[in-house]
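>
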Amino acid sequence: VRQFVADASHELRNPLASIRGYAELTRRGREELPADTVFALGRIESESQRMSRLVEQMLLLARLDNDPAAARDQVDLSEVTLNAVSDARAAGPDHHWRVQVPDEPVMISGDAGQVQQVMVNLLGNARKHTPAGTTVTTSVSADDGWARIEVADNGPGIPPALTGQIFERFTKADAARAHDAEGSTGLGLAIVAAVATAHGGRVEVESRPATETEPGYSRFIVRLPLTTTAEPSDSQPTA
Numbered sequence: 247v248r249q250f251v252a253d254a255s256h257e258l259r260n261p262l263a264s265i266r267g268y269a270e271l272t273r274r275g276r277e278e279l280p281a282d283t284v285f286a287l288g289r290i291e292s293e294s295q296r297m298s299r300l301v302e303q304m305l306l307l308a309r310l311d312n313d314p315a316a317a318r319d320q321v322d323l324s325e326v327t328l329n330a331v332s333d334a335r336a337a338g339p340d341h342h343w344r345v346q347v348p349d350e351p352v353m354i355s356g357d358a359g360q361v362q363q364v365m366v367n368l369l370g371n372a373r374k375h376t377p378a379g380t381t382v383t384t385s386v387s388a389d390d391g392w393a394r395i396e397v398a399d400n401g402p403g404i405p406p407a408l409t410g411q412i413f414e415r416f417t418k419a420d421a422a423r424a425h426d427a428e429g430s431t432g433l434g435l436a437i438v439a440a441v442a443t444a445h446g447g448r449v450e451v452e453s454r455p456a457t458e459t460e461p462g463y464s465r466f467i468v469r470l471p472l473t474t475t476a477e478p479s480d481s482q483p484t485a
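Heads up: the sequence shown begins at 247 in my numbering, then just goes up one per residue.
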């Protein structure tokens with residue numbers, strides 16, 4: 247089944263790109279088209295974009311299933327986090343974005359693209375499922391051989407029934423909690439969990455739904471092993 251999903255996702259890439267391209271090309275002559283046709287073409291374009299995101303996410307999960315050993319580059323989590331929060335701030339100007347990183351680099355060994363995707367997914371999840379005005383705080387720290395990435399928000403929280411399955415594939419939040427019209431594929435947090443596992447780490451969630459007397463919050467924590475540096479040898483190389 248996993249191989250079928252990977253093959254199907256790969257084959258869908260080009261047709262979806264063509265559909266999106268033709269819809270965009272046709273809409274350029276919107277002055278000559280009826281209003282309902284322009285609307286329909288816009289929907290085709292937006293839905294093909296959504297399907298393209300879904301296909302890319304399914305392909306990433308298939309790669310992680312088949313070969314979980316990620317590339318081993320040196321990745322500075324502080325730099326990745328600062329860039330991701332900057333992008334999130336541009337995409338969600340109605341939210342308050344805070345970031346806390348240490349002065350020293352926090353280095354791990356892994357795939358920089360996949361680690362970046364973890365940050366994009368966590369920050370995007372916070373933006374989509376919290377109302378405007380929510381504060382989202384992202385922090386990076388290192389302790390006892392582990393790097394810790396935390397993304398916390400003071401939004402409505404997650405229902406307890408959902409927290410146990412939130413990292414499963416195609417799990418979607420209650421529609422009442424979704425504040426972003428672009429919709430969710432239900433794979434974003436599954437990718438976070440899969441990437442963390444591939445890097446020898448783990449992810450967990452803490453949350454409390456808001457009540458009449460207490461505010462809600464959600465906190466996602468990713469732990470990844472820090473880069474280990476080999477101790478220099480005292481012996482001299484032989485001639």
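All residues carry an ideal CB built from backbone N, CA and C; glycine is no exception.
These numbers come from a predicted model, not from an experiment.
(1) What would DSSP say about V395, mapped onto helix, strand or coil?
(2) Take the Cβ of D399 as the centre, count every other Cβ of all protein chains shown within 10 Å, and call the residue buried at 16 or more, exposed below.
(3) Nearest by alpha-carbon distance to V366: which of S387, G391 and I395 is it?
(4) Starting from F466, follow the beta strand (DSSP E) in both directions and report where the run begins and ends.
(5) Look at the alpha carbon of T327 and the alpha carbon of A442, and state the distance between them as a whole number of angstroms.
(6) Return the chain-ordered list of same chain residues with a C-beta closer than 6 Å to the C-beta of S355, the five sequence neighbours on each side being excluded.
(7) From what residue to what residue does the beta strand (DSSP E) around D390 run?
(8) Note down the Cα distance separating M304 from G401, rounded to an integer number of angstroms.
(9) What does DSSP give as the partner residue(s) for H240 in the beta ladder?
(10) Taking only three categories from DSSP, how would you classify V331?
(11) Could you tell me if N260 is buried or exposed, where buried requires 16 or more neighbouring beta carbons within 10 angstroms of its beta carbon?
(12) At a cut of 8 Å, does the stretch 460-467 reach the stretch 343-351 through at least three beta carbon pairs?
(13) Relative to the C-alpha of A388, which candidate in D322, S298, Q411 and A372 has its C-alpha closest?
(14) If you draw a straight line from the alpha carbon of G338 to that of R344, how long is it in whole angstroms?
(15) Can you tell me whether E460 is helix, strand or coil according to DSSP?
Answer, in terms of the structure:
(1) Position 149 of the sequence shown holds residue 395. The sequence given here has Ile at residue 395, not Val. Residue state, collapsed to three classes: strand.
(2) Counted from its first residue, the sequence shown places residue 399 at position 153. Buried, because 16 or more other Cβ atoms sit within 10 Å of the Cβ of D399.
(3) By one-based count along the sequence shown, residue 366 stands at place 120. Minimum Cα distance to V366 is reached at I395.
(4) Translated into positions along the sequence shown, residue 466 becomes position 220. Y463 to P471 is the span of the beta strand (DSSP E), which, as asked, contains F466.
(5) Indexing the sequence shown from 1 puts residue 327 at position 81. Indexing the sequence shown from 1 puts residue 442 at position 196. About 15 Å.
(6) Here residue 355 refers to the residue found at position 109 of the sequence shown. Closer than 6 Å at the Cβ level, and outside the excluded window around S355, lie R318 and T473.
(7) Walking along the sequence shown from the start, residue 390 turns up at place 144. It is not in any beta strand (DSSP E) - D390 carries neither H nor E in the DSSP assignment.
(8) Within the sequence shown, the letter at position 58 stands for residue 304. Within the sequence shown, the letter at position 155 stands for residue 401. Going from the Cα of M304 to the Cα of G401 covers about 28 Å.
(9) Examination of residue 240 is not possible in this model, given that the chain is present from 247 through 485 alone.
(10) In the sequence shown, residue 331 corresponds to position 85, counting from 1. Helix.
(11) Locating residue 260 in the sequence shown gives position 14, counting from the first residue. Exposed is the call here.
(12) Contact between the stretch 460-467 and the stretch 343-351 is absent, because fewer than three Cβ pairs lie under 8 Å.
(13) Residue 388 sits at position 142 when you count from the first residue of the sequence shown. Ranking D322, S298, Q411 and A372 by Cα distance to A388 puts D322 first.
(14) The residue labelled residue 338 in the question sits at position 92 within the sequence shown. The residue labelled residue 344 in the question sits at position 98 within the sequence shown. Approximately 13 Å, taken between the alpha carbons.
(15) Sequence index remark: in the sequence shown, residue 460 carries index 214 (1-based). Looking at E460 - three-state DSSP - the assignment turns out to be coil, as it is neither helix nor strand.
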